[in-house]
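*Asks:* Heads up, the sequence shown is in my numbering, so the first residue is -13 and it goes up one at a time.
Beta carbons are placed, not taken as given, at the ideal position from N, Cα and C, and that holds for glycine.
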Amino acid sequence: MMTSINENKFVPFLVECGALKFGSFTTKSGRVSPYFVNMGAVCSGKGISLLSSNYAKVFQEHFAEKADNLFGPAYKGIPLCAATATALHKEYGINVSFTYNRKEAKDHGEGGILVGDAYQEKKRIVIIEDVITAGTSIEETMKIMQNIPNAKVVGLIVAMDRKEKLSDGKSALQQVKEKYGIETHSIASIEDILTLALKEYKESIEKYRSEWGA
């Protein structure tokens, strides 16, 4: 049975499980944001099932015939890629492999930094990320992939696109798409948060968006 939730229920779901909070938060870019998204707070069976089902829905819509592997950057991407691969098989009959990386290379056993599908054969890869603001983690992931002959990244799916402008005025998702020539999609974006945020938070988010929005 399908477990994905539509867009107008996704943001309330994030609030309910503590993955979306409102207040004052300093992001990795140094900006003080009125909201913060942390998919690591989705830590129950029900929560990860709902979240991964939404990733699977986006994959099915955009990558069903274009990719055969999911890559989850350590650490938050690890459970996301595994759960999404499970949801794809259960809900759509799509069987893809999944891979994630270690922060440090293992020097015993199988060794290396990759766990799961080690790309012994050519794979078309979709990266599964939680949130994109400045695109730093994607840069790190692409550096890993560029050194693997059989790895071809074709897309990126994030849960939340903050749509904040970088130095060139474009958002991180736009930059990634143009720099690497891959498809980029999100389950939700800042517009969804604005639509459903309470008035007390909406005003501060709109002010922040007017200053930093792409």
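Nearest by alpha-carbon distance to Asp178: which of Thr170, Lys149, Ser153 is it?
*Replies:* Here residue 178 corresponds to residue number 192 of the sequence shown, with the count starting at 1. With distances taken between Cα atoms, Asp178 lies closest to Lys149.
*Asks:* Give the straight-line distance between the Cα atoms of Met(-13) and Glu77, rounded to the nearest whole angstrom.
*Replies:* In the sequence shown, counting from the first residue as 1, residue -13 sits at position 1. In the sequence shown, counting from the first residue as 1, residue 77 sits at position 91. Residue placement at Met(-13) cannot be trusted, given a pLDDT of 38 that sits under 50; what the coordinates show is reported in the next sentence. If you take the alpha carbons of Met(-13) and Glu77, they lie about 7 Å apart.
*Asks:* For Pro20, does the count of other Cβ atoms within 10 angstroms reach 16, so buried, or fall short, so exposed?
*Replies:* For the purposes of this step, residue 20 is taken as the residue at position 34 of the sequence shown. So Pro20 ends up on the buried side.
*Asks:* Taking C-beta to C-beta, are Ser123 and Pro59 nearer than 8 Å?
*Replies:* Position 137 of the sequence shown, counted from the start, is the residue given in the question as residue 123. Position 73 of the sequence shown, counted from the start, is the residue given in the question as residue 59. Closer than 8 Å, so yes.
*Asks:* Would Val112 pass as a contact of Phe11 if the rule is Cβ separation under 8 Å?
*Replies:* Reading the sequence shown from its first residue, position 126 is the one you call residue 112. Reading the sequence shown from its first residue, position 25 is the one you call residue 11. Contact: no.
*Asks:* Let me know if Asp103 comes out buried or exposed under the rule of 16 or more other beta-carbons within 10 Å of its beta-carbon.
*Replies:* As a first step, residue 103 must be located in the sequence shown, where it is residue number 117. Answer is buried; the Cβ neighbour count reaches 16.
*Asks:* Please state the DSSP three-state secondary structure of Ile179.
*Replies:* Counting from 1 along the sequence shown, the entry for residue 179 is found at position 193. Helix at Ile179.
*Asks:* Report yes if the C-beta distance between Ala174 and Ile118 is below 8 Å; otherwise report no.
*Replies:* Counting from 1 along the sequence shown, the entry for residue 174 is found at position 188. Counting from 1 along the sequence shown, the entry for residue 118 is found at position 132. Contact: no.
*Asks:* So the candidates are Gly141, Ala68, Tyr194; which of them puts its Cα closest to the Cα of Ala50?
*Replies:* To locate residue 50, count along the sequence shown from 1; it is residue 64. When each option's Cα is compared against that of Ala50, the closest is Gly141.
*Asks:* What residues in its chain sit with their C-beta under 7 Å from that of Asn24, if we drop five residues either side in the sequence?
*Replies:* Taking the sequence shown and counting its residues from 1, one reaches residue 24 at position 38. The residues are Ala5.
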